[in-house]
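S.K.: These protein sequence lines map, in sequence, to chains A and B.
Take the first sequence: its letters are residues 0 to 382, numbered as in numbering that gives the first Met the number 0.
Take the second sequence: its letters are residues 0 to 382, numbered as in numbering that gives the first Met the number 0.
We treat Cβ as the ideally placed atom computed from N, Cα and C, and that holds for glycine.
Number of protein chains: 2
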Amino acid sequence: MNAQFMFQLKNTDTTSSARCGQITTAHGKIETPVFMPVGTQASVKSLSPHELIDTGSEIILGNTYHLYLRPGMEILRRAGGLHKFANWPRPMLTDSGGYQVFSLAGLRKIHDGGVRFQSHIDGSYHEFTPEKVMEMQRLIGADIIMAFDECPPHDADEKYVARSNAITVKWAQRCKAAWTANQQEYGYGQVLFGIAQGGTFEALRRQSTEQLIELDLPGYAIGGLSVGEPAPAMYEMTAVSTEILPAEKPRYLMGVGKPENLVEAVNLGVDMFDCVMPTRNGRKGQAFTWQGTLNLKNAQFKDDFTPIDEACRCYTCCNFSRAYIRHLLHANELLVMRLVSLHNIQFYQNLMAAMRSAIAENRFTQWRKIFYLKYGWSMDTGS
Amino acid sequence: MNAQFMFQLKNTDTTSSARCGQITTAHGKIETPVFMPVGTQASVKSLSPHELIDTGSEIILGNTYHLYLRPGMEILRRAGGLHKFANWPRPMLTDSGGYQVFSLAGLRKIHDGGVRFQSHIDGSYHEFTPEKVMEMQRLIGADIIMAFDECPPHDADEKYVARSNAITVKWAQRCKAAWTANQQEYGYGQVLFGIAQGGTFEALRRQSTEQLIELDLPGYAIGGLSVGEPAPAMYEMTAVSTEILPAEKPRYLMGVGKPENLVEAVNLGVDMFDCVMPTRNGRKGQAFTWQGTLNLKNAQFKDDFTPIDEACRCYTCCNFSRAYIRHLLHANELLVMRLVSLHNIQFYQNLMAAMRSAIAENRFTQWRKIFYLKYGWSMDTGS
């Protein structure tokens with residue numbers, strides 16, 4: 000339980016900027032590039048921890064904002080932290096809640112010290128400061144904790160983003176100071192990642208990234224992307240960061256994304272991803288496969304007795320047909336949310352594993368070509 | 000796959016009318032008294048077939064009315080029947096849809112040949128006759144199929160119930176003729192159970208039961224109870240039937256019930272039960288335990304880090320605390336519907352197993368006393 004946090008860069012692909020490596024945490028190792036399923040409220044929606052483990056998921060996410068409101072810090076402290084509360088034995092990462100708090104447009108007020116906001120659940124008033132967010136993440140107990148940042152809206156102007164950058168870096172400094180000063184809550188180490196912002200303004204993106212690098216943190220996230228900007232802008236801003244981020248530390252592109260977004264960001268040198276897409280879209284009947292996505296509600300599947308993906312070894316594909324899944328979707332049966340979510344998480348984990356192998360063997364560029372040509376995925380050029 | 004349907008009465012308790020036995024079907028054996036989880040629309044809500052098997056569930060239910068509307072008979076025929084469609088390898092029973100069709104007050108019209116009704120989904124018009132219901136149940140392919148009956152409302156007067164009895168027996172005769180004449184659809188036998196009605200009028204209940212017995216069917220159900228009448232009336236009517244039903248054939252009390260209802264009906268000689276209660280109530284956070292029911296939403300559980308039931312070996316109790324389950328309930332997390340449903344099905348199966356052991360050892364009366372005294376369950380005297 001007391002392994003030192005470590006990132007070992009195993010290989011940088013000779014044909015691209017893609018990297019593979021291994022993160023060591025108190026709760027185990029993580030092969031990178033990694034996809035982290037999202038368990039906002041202490042549960043990856045509809046799935047059990049053992050099902051997630053079966054998909055090869057090595058780390059999941061929680062969210063400080065949501066966990067602060069429910070079940071609250073006192074319950075988590077008494078449970079011995081989120082790992083024990085949710086019975087998740089592997090590594091965990093918590094987002095700081097910055098993104099969530101700043102999404103509460105109209106319900107929040109930023110001041111220099113932090114942000115005052117109203118709960119989306121009951122309208123009650125609360126205040127987050129960098130110090131408080133660090134303290135909460137100590138109580139939650141995730142292996143990787145995130146700095147409290149301001150995430151500007153994707154249509155914010157340059158002046159707004161510049162001001163926001165200044166707040167984010169000041170708060171990152173305060174987070175680092177608090178994280179360094181705070182005691183371990185549960186007898187194992189937790190590490191702080193900073194979050195770079197800067198919108199889609201190249202100079203501001205570079206500035207924010209450089210300011211974070213100066214703080215010499217254990218890892219860095221690229222934040223404020225995948226919030227409505229076109230995919231090419233997202234890739235451009237990601238490249239601005241990955242080009243200057245230190246090679247020996249993990250890089251996490253927050254909230255991304257579609258399979259093709261992951262491929263492109265891995266190509267640029269990103270190591271970590273999280274996204275609700277496989278579970279959220281899965282609950283609505285969208286399945287991810289190597290041949291693209293399927294809308295399993297469609298009439299064409301009503302008498303299709305093959306699995307979602309013949310080659311997939313997930314519980315869903317080993318046991319159920321597209322016709323049965325389509326029936327469950329139309330009959331509003333809860334089981335189907337599990338079945339498609341599980342398959343989609345498995346697809347994402349298989350995708351990451353395929354990329355890791357290609358990088359280890361210095362054939363990522365060829366693999367990426369095949370991904371688009373053979374498997375029918377297209378570059379994401381839309382927003 | 001071609002085992003002959005058989006009911007072997009293993010023991011009749013020397014201290015009560017409780018019986019234990021074994022039903023053999025083409026899809027395997029069933030120890031009785033048995034509780035059958037309800038999978039109305041080809042899915043026991045929120046649970047996977049393998050989870051149900053883990054609870055010791057040996058047979059599940061489907062419903063002809065719902066399956067006829069969705070996915071429809073043509074899909075089930077092409078799937079090779081409901082077992083294959085839903086990937087359920089064990090025995091299955093389908094209700095005839097009589098109860099559902101007659102619940103469509105205002106949307107249905109009974110005539111001598113059958114009943115014309117409107118779908119609760121889209122208002123489209125349909126007609127069920129005894130012959131059509133037999134044909135549909137051949138296509139669904141359950142091991143035990145039910146006669147098409149008229150289920151009168153619990154407040155129907157004596158005259159209505161008498162007229163209804165006449166329809167039910169006539170339709171049972173037509174069902175038997177159709178079942179006998181129809182070919183096997185999938186290469187294995189299916190057996191027809193009759194359904195006795197008669198409301199809560201003792202003479203009519205006896206009449207309906209006797210008329211069915213004359214048809215010499217493989218098994219008999221006690222229908223039209225647990226529809227709003229007080230529990231004592233339900234027990235009284237159950238006893239009217241079990242006293243005259245042939246000992247060598249299984250007896251199925253439809254739609255029952257609470258744990259204490261099962262105990263009382265087993266005491267009267269019933270062999271089979273089905274009820275949505277463990278899953279429906281489970282989804283709302285009500286858990287069944289040997290000490291009674293728990294409403295897991297209650298504040299008292301917010302920092303209770305013990306499992307629902309320390310003695311239970313289900314996945315939920317082996318992995319999660321009441322505090323976590325309470326959090327998931329308040330956060331509207333889907334996982335919780337699975338966790339409590341699974342525990343409740345496990346409790347029902349444990350309850351049945353305990354009763355089977357007590358009957359086999361001629362100590363059912365003592366067991367029943369302990370159930371009420373030691374475990375804090377009370378006789379159900381309400382409605």
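1) Report the three-state DSSP secondary structure of Arg-325(A) (helix, strand or coil).
2) Which of the residues in the segment 288-308 of chain B, read from start to end, lie with their CB under 9 Å from any CB of chain A?
3) So, at 8 Å on beta carbons, what are the nonlocal neighbours of Ser-382(B) in its own chain, with the 5 sequence-adjacent residues on each side left out?
4) Below 8 Å on the Cβ atoms is my contact criterion, and I expect Ser-390(B) with Gly-218(B) to pass it. Report the Cβ-Cβ distance as a whole number of Å.
5) I'd like the span of the beta strand (DSSP E) that includes Asn-10(B), first residue to last.
6) Which stretch, first to last residue, makes up the beta strand (DSSP E) that contains His-82(B)?
7) Would you please verify whether the beta carbon of Ala-141(A) is less than 8 Å from any beta carbon of chain B?
8) So, for Asn-86(A): in the same chain, excluding its five sequence neighbours on each side, which residues have a beta-carbon less than 6 Å away from its beta-carbon?
9) Nearest chain A C-beta to Ile-74(B) closer than 8 Å, yes or no?
10) With 8 Å set as the bound, which would you pick, yes or no: does the beta-carbon of Met-5(A) sit closer than that to a beta-carbon of chain B?
11) Going residue by residue through the segment 148-180 of chain A, where are the continuous alpha helix (DSSP H) segments of at least 4 residues, counting only ones entirely within it?
12) I'd like the list of long-range same chain contacts for Thr-305(A), defined as Cβ closer than 7 Å, with 5 residues on each side in sequence excluded.
13) So, helix, strand or coil for Glu-263(A), using DSSP?
14) Would you mind telling me which residues of chain B sit closer than 7 Å to Leu-327(A), beta carbon to beta carbon, in chain order?
15) Report yes if the C-beta distance between Lys-44(B) and Ser-340(B) is below 8 Å; otherwise report no.
16) The alpha helix (DSSP H) spanning Phe-116(A) covers which residue range?
17) Quick check: is the beta carbon of Ser-47(B) nearer than 8 Å to any beta carbon in chain A?
18) List the whole-angstrom C-beta distance separating Leu-216(B) from Ala-195(B), where the pair is believed to meet the contact cut-off of C-beta under 8 Å.
19) Hey, could you find the ends of the alpha helix (DSSP H) Arg-77(B) is sitting in?
20) Classify Gly-140(B): buried if its beta carbon has 16 or more other beta carbons within 10 angstroms, exposed otherwise.
21) With respect to the beta strand (DSSP E) encompassing Thr-23(A), which residues constitute its N-terminal and C-terminal limits?
22) Quick one: residues in its chain with C-beta nearer than 7 Å to the C-beta of Met-35(A), no 5 flanking neighbours on either side, listed in chain order?
23) Between which two residues does the alpha helix (DSSP H) harbouring Val-239(B) extend?
24) Measuring straight from C-alpha to C-alpha, what distance separates Asp-94(A) and Met-133(A)?
25) Starting from the Cα of Pro-258(B), find the closest Cα among Ile-243(B), Val-275(B), Glu-247(B) and Lys-248(B) and give me that residue.
26) Have a look at Ile-29(A) and Tyr-185(B) and give me their C-alpha separation to the nearest angstrom.
27) By Cβ distance, which residues of its chain are closer than 6 Å to Met-0(B), with the 5 residues on each side in sequence left out?
28) Can at least three beta-carbon pairs, one atom from the segment 0-10 of chain A and one from the segment 348-364 of chain A, be found at a separation below 8 Å?
29) Are three or more beta carbon pairs between the segment 292-301 of chain A and the segment 346-355 of chain A nearer than 8 Å?
30) Would DSSP call Phe-370(B) helix, strand or coil?
31) Going by other Cβ atoms of all chains shown within 10 Å of its Cβ, with 16 needed for buried, is Asn-331(A) buried or exposed?
32) Looking only at DSSP bridge pairs, what is Phe-192(B) linked to?
33) In the segment 81-93 of chain B, which residues sit with their C-beta less than 8 Å from some C-beta in chain A, listed in chain order?
34) Name the chain B residues whose beta carbon is nearer than 8 Å to that of Arg-321(A)?
35) Work out the CA separation of Glu-130(A) and Gln-182(A) for me, nearest whole Å.
36) Going by C-alpha to C-alpha distance, which of Pro-249(A), Asp-53(A), Ala-180(A) and Gly-222(A) sits closest to Thr-237(A)?
M.R.: Quick answer:
1) Of the three classes helix, strand and coil, the one that applies to Arg-325(A) here is helix, per DSSP.
2) If the cut-off is 9 Å between Cβ atoms, the segment 288-308 of chain B has Lys-301, Asp-302 and Phe-304 near chain A.
3) Confidence is the limiting factor: at Ser-382(B) the pLDDT is only 48, short of 50, which leaves the residue's position unreliable and the question unanswerable from this model.
4) Residue numbering for chain B in the displayed model covers 0 to 382; residue 390(B) lies beyond these limits and cannot be assessed.
5) In the DSSP assignment, Asn-10(B) falls within the unbroken beta strand (DSSP E) covering 5-11.
6) Membership of His-82(B) in any beta strand (DSSP E) is not indicated; the residue belongs instead to the alpha helix (DSSP H) covering 81-85.
7) It does not; no Cβ of chain B falls within 8 Å.
8) Excluding its 5 nearest sequence neighbours in each direction, Asn-86(A) has C-beta neighbours in its own chain below 6 Å: Pro-48, listed in chain order.
9) Taking Cβ atoms only, chain A reaches closer than 8 Å to Ile-74(B), which makes this a yes.
10) No, no contact with chain B.
11) Correct list: 157-180.
12) Spatial neighbours of Thr-305(A) in its own chain (CB-CB distance under 7 Å, excluding positions within 5 residues in sequence) are listed in chain order as Ser-320 and Arg-321.
13) DSSP places Glu-263(A) in helix when its eight states are reduced to three.
14) The answer, in chain order, is Ser-42.
15) Their beta carbons are under 8 Å apart, which means Lys-44(B) touches Ser-340(B) by this criterion.
16) Run containing Phe-116(A): none in the alpha helix (DSSP H); it sits in the beta strand (DSSP E), 114-117.
17) Closer than 8 Å: yes.
18) No, Leu-216(B) and Ala-195(B) are not in contact; Cβ-Cβ is about 11 Å, not under 8 Å.
19) Element bounds for Arg-77(B): 72-78.
20) Flag for Gly-140(B) reads buried.
21) Element bounds for Thr-23(A): 18-24.
22) Here the set comprises Ile-58, Ile-59, Leu-60, Leu-92, Met-271, Phe-272 and Asp-273.
23) Taken as a continuous stretch (DSSP letters only), the alpha helix (DSSP H) holding Val-239(B) covers 230-243.
24) Going by the C-alpha atoms only, they are around 11 Å apart.
25) Taking only the C-alpha atoms, the option nearest Pro-258(B) is Val-275(B).
26) The alpha-carbon atoms of Ile-29(A) and Tyr-185(B) are separated by roughly 49 Å.
27) In this prediction, Met-0(B) scores a pLDDT of 46, lower than 50, which makes its location untrustworthy; the coordinate-derived value is nonetheless stated afterwards. Counting only Cβ-Cβ distances below 6 Å, and skipping sequence neighbours, we find Ala-25 and Tyr-187.
28) Contact between the segment 0-10 of chain A and the segment 348-364 of chain A is present, because at least three Cβ pairs lie under 8 Å.
29) The answer is no - the segment 346-355 of chain A does not touch the segment 292-301 of chain A, with fewer than three Cβ pairs under 8 Å.
30) If DSSP states are grouped into helix, strand and coil, Phe-370(B) belongs with the helices.
31) Exposed, because fewer than 16 other Cβ atoms sit within 10 Å of the Cβ of Asn-331(A).
32) Its beta-bridge partners are Met-145(B) and Gly-218(B).
33) Of all residues in the segment 81-93 of chain B, Phe-84, Ala-85 and Asn-86 have a Cβ within less than 8 Å of some Cβ in chain A.
34) Going along chain B, no residue has its Cβ under 8 Å from Arg-321(A), so there is no contact; the nearest lies around 11 Å.
35) Near 13 Å, if we compare the C-alpha coordinates of Glu-130(A) and Gln-182(A).
36) Cα-wise, what sits closest to Thr-237(A) is Gly-222(A).
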